[in-house]
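In what follows, a structure is listed as structure tokens, so that the remarks can point back to it.
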Amino acid sequence: MSGSTNSEISPENRKELYEKLGGVWDLGANVLIGWRAAAGGIELLYLPSLELPIAAKRHRGLLERNRHMGDSDRYSDFLNAGCSSIRIPLSFDIHETEPFILQMEAILRYYTVTHSKSRAVALFDIVQFSHHSAFVGISQINILSFHANLAASHVTAAGLPIDLNMSTTGDGFYIWNRNEGLSADLALFYVTGLVLAYNQFALDDQPHNTLPVLRCCFGFGEHYEYYQASGTKPDSRGFIVGDITIDLARLISTALPKQLLIGSRIRPNDAPGGNDSNIHNAPRIDMPMFFNFAQKNARVLNGSPIGKGSIAEVRMRLTGDALSEQEYTMKKYDVIDKHGFSHRCFNATFDVRDSLGHDIKTGLPTESLIDFSALHIEKEDVRMKVI
Numbered sequence: 235m236s237g238s239t240n241s242e243i244s245p246e247n248r249k250e251l252y253e254k255l256g257g258v259w260d261l262g263a264n265v266l267i268g269w270r271a272a273a274g275g276i277e278l279l280y281l282p283s284l285e286l287p288i289a290a291k292r293h294r295g296l297l298e299r300n301r302h303m304g305d306s307d308r309y310s311d312f313l314n315a316g317c318s319s320i321r322i323p324l325s326f327d328i329h330e331t332e333p334f335i336l337q338m339e340a341i342l343r344y345y346t347v348t349h350s351k352s353r354a355v356a357l358f359d360i361v362q363f364s365h366h367s368a369f370v371g372i373s374q375i376n377i378l379s380f381h382a383n384l385a386a387s388h389v390t391a392a393g394l395p396i397d398l399n400m401s402t403t404g405d406g407f408y409i410w411n412r413n414e415g416l417s418a419d420l421a422l423f424y425v426t427g428l429v430l431a432y433n434q435f436a437l438d439d440q441p442h443n444t445l446p447v448l449r450c451c452f453g454f455g456e457h458y459e460y461y462q463a464s465g466t467k468p469d470s471r472g473f474i475v476g477d478i479t480i481d482l483a484r485l486i487s488t489a490l491p492k493q494l495l496i497g498s499r500i501r502p503n504d505a506p507g508g509n510d511s512n513i514h515n516a517p518r519i520d521m522p523m524f525f526n527f528a529q530k531n532a533r534v535l536n537g538s539p540i541g542k543g544s545i546a547e548v549r550m551r552l553t554g555d556a557l558s559e560q561e562y563t564m565k566k567y568d569v570i571d572k573h574g575f576s577h578r579c580f581n582a583t584f585d586v587r588d589s590l591g592h593d594i595k596t597g598l599p600t601e602s603l604i605d606f607s608a609l610h611i612e613k614e615d616v617r618m619k620v621i
């Protein structure tokens with residue numbers, strides 16, 4: 235047996251894994267469901283892609299993020315749910331240590347469909363994209379992609395867990411964090427805000443039609459993640475489909491240029507305990523609570539580069555009306571789509587002051603929403619104290 239240690243899969247062994255897993259995957263004809271170590275190799279569970287929807291209805295666990303079948307009972311349950319099993323010989327040992335398992339899971343995801351009960355997703359849309367030439371359009375897409383990657387690198391440097399994935403819509407991107415959990419959603423929100431800030435800084439500094447004017451939506455929701463067949467191996471880029479992508483698409487269709495809309499869906503709290511009792515002791519986290527949490531922790535972005543300076547302060551708000559110097563409302567809006575379905579949201583701002591004294595303002599304040607066609611649901615407005 236060659237190559238890998240009990241904590242690291244070597245490049246040559248990764249290549250062998252891709253070849254062997256790809257053979258079972260068969261250009262997308264099959265979906266890999268799970269794996270476990272076996273003598274001289276690995277045992278895989280798989281299903282024909284056409285059978286996955288029916289099997290998943292019988293056993294929702296087939297689409298769980300964790301594909302490692304260390305529990306023999308779980309392996310048997312999946313066999314009983316209709317999965318096929320195959321043993322694949324390998325030239326190296328499979329170790330069931332945590333670092334090794336995490337690397338195996340990352341490799342296997344390219345051959346799977348994964349269900350997420352709740353995850354943050356953002357949608358960026360380039361305003362009047364079709365009005366530009368193809369060259370200007372591709373330049374705008376490239377700049378948006380650059381700003382997203384730049385934001386992710388700075389959020390990573392700030393110590394937050396971000397593994398960014400992007401899926402193009404043609405005139406923008408869905409972006410999400412491959413990591414899951416409250417900290418991962420917070421990281422994605424900071425990436426979203428920084429993308430808007432970098433783009434607005436560039437527009438303020440040197441306006442040009444190759445710089446996109448953006449509108450953006452952010453929210454929590456359920457979805458499925460998959461990797462598309464592309465020739466003889468899966469595409470390394472993921473795609474998402476589900477309630478959250480539908481919700482964001484409906485919201486973006488109503489958003490004004492430079493507007494930031496925030497979906498009002500509630501996410502379960504998967505991080506009980508901790509130092510922030512207001513959020514960590516709550517069974518569920520609504521968007522005003524999440525925004526308050528994001529503002530309290532925004533100092534982690536201080537010192538991150540922006541332009542020729544660095545971030546000195548970040549201020550974010552779900553907008554509304556001031557009731558006093560110490561209290562204001564967060565206005566809730568309703569977007570009704572062409573099918574009659576309701577999509578609740580908030581309007582938001584994400585403002586950055588840099589070390590050189592520049593204010594970079596993103597999103598639209600309440601007074602700029604005259605042409606915003608969504609219905610204001612006054613009875614659902616949220617009162618908040620100034621922090």
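Per our numbering: the sequence shown = residues 235 to 621. We treat Cβ as the ideally placed atom computed from N, Cα and C, and that holds for glycine.
Q) With burial defined as no fewer than 16 other Cβ atoms inside 10 Å of the residue's Cβ, what is the status of residue 274: buried or exposed? A) Taking the first residue of the sequence shown as position 1, residue 274 is located at position 40. By the neighbour-count rule (16 or more Cβ atoms within 10 Å), residue 274 is not buried but exposed.
(Q) Is it the case that the stretch 296 to 305 contacts the stretch 261 to 269, given that we only count it when at least three CB pairs across the two stretches are under 8 Å? (A) yes
Q | Cutoff 8 Å; reference residue 312; Cβ partners in own chain excluding five residues on either side | A | As a first step, residue 312 is located in the sequence shown; it is residue number 78 there, counting from the start. So the qualifying residues of the chain are 267, 268, 279, 293, 295, 296, 303.
Q.
Looking at residue 484: is its Cβ nearer than 8 Å to the Cβ of residue 399?
A. Taking the first residue of the sequence shown as position 1, residue 484 is located at position 250. Taking the first residue of the sequence shown as position 1, residue 399 is located at position 165. Against a cut-off of 8 Å, the Cβ pair of residue 399 and residue 484 comes out as no contact.
Q) Quick one: Cα of residue 359 to Cα of residue 379, how far? A) Taking the first residue of the sequence shown as position 1, residue 359 is located at position 125. Taking the first residue of the sequence shown as position 1, residue 379 is located at position 145. One C-alpha to the other measures close to 12 Å.
Q. Given residue 614, which residues of its chain have a CB within under 6 Å of its CB, disregarding the five upstream and five downstream residues?
A. Residue mapping note: residue 614 aligns to position 380 of the sequence shown, counting from 1. Hits under 6 Å: 566.
Q: Would you give the residue range spanned by the alpha helix (DSSP H) that residue 593 belongs to?
A: The residue labelled residue 593 in the question sits at position 359 within the sequence shown. Element bounds for residue 593: not the alpha helix (DSSP H) but the beta strand (DSSP E), 593 to 597.
Q | Beta-carbon contacts of residue 352 that lie in its chain and below 7 Å, excluding the five residues immediately before and after | A | In the sequence shown, counting from the first residue as 1, residue 352 sits at position 118. The answer, listed in chain order, is 454, 455, 456, 501, 502.
Q | C-alpha gap between residue 339 and residue 394, whole angstroms | A | The residue given as residue 339 occupies position 105 in the sequence shown. The residue given as residue 394 occupies position 160 in the sequence shown. For residue 339 and residue 394, the distance between alpha carbons rounds to 21 Å.
Q) At what residue ranges does the stretch 511 to 586 contain a whole run of the beta strand (DSSP E), taking only runs of 3 or more? A) 543 to 552, 561 to 564, 566 to 570
(Q) Here's the rule: buried if 16 or more other CB atoms are within 10 angstroms of the residue's CB, otherwise exposed. What is residue 625? (A) Residue 625 cannot be examined here, being either before or after the span of the chain that is shown, 235 to 621.
Q.
Could you give the first and the last residue of the continuous beta strand (DSSP E) run that contains residue 352?
A. For the purposes of this step, residue 352 is identified with residue 118 of the sequence shown, where counting begins at 1. Start and end: 347 to 360.
Q.
What would DSSP say about residue 602, mapped onto helix, strand or coil?
A. Mapped onto the sequence shown, residue 602 falls at position 368. Note: residue 602 maps to helix in three-state DSSP.
Q: Determine the burial state of residue 479: buried for a count of at least 16 other Cβ atoms within 10 Å of its Cβ, exposed for fewer.
A: Working through the sequence shown from its first residue, we reach residue 479 at position 245. So residue 479 counts as buried.
Q: Please report how far the alpha carbon of residue 315 lies from the alpha carbon of residue 306, in whole angstroms.
A: For the purposes of this step, residue 315 is taken as the residue at position 81 of the sequence shown. For the purposes of this step, residue 306 is taken as the residue at position 72 of the sequence shown. Spanning the two alpha carbons is a distance of roughly 14 Å.
Q. Counting along the chain, where does the beta strand (DSSP E) carrying residue 300 start and finish?
A. Here residue 300 is taken as the residue at index 66 of the sequence shown, counted from 1. Here residue 300 belongs to no beta strand (DSSP E), and DSSP marks it neither H nor E.
Q: Evaluate the contact criterion for the stretch 317 to 333 versus the stretch 437 to 444: three or more CB pairs, one atom per stretch, below 8 Å.
A: no
Q.
Would residue 234 and residue 366 qualify as a contact pair, given that the criterion is a beta-carbon distance under 8 Å?
A. In the structure as shown, the chain starts at 235 and stops at 621, and residue 234 therefore has no counterpart that could be examined.
Q) Going by alpha carbons, who is nearest to residue 520 out of 600, 532, 416? A) Stepping through the sequence shown from its first residue, residue 520 is reached at position 286. Ranking the options by Cα distance to residue 520, first place goes to 416.
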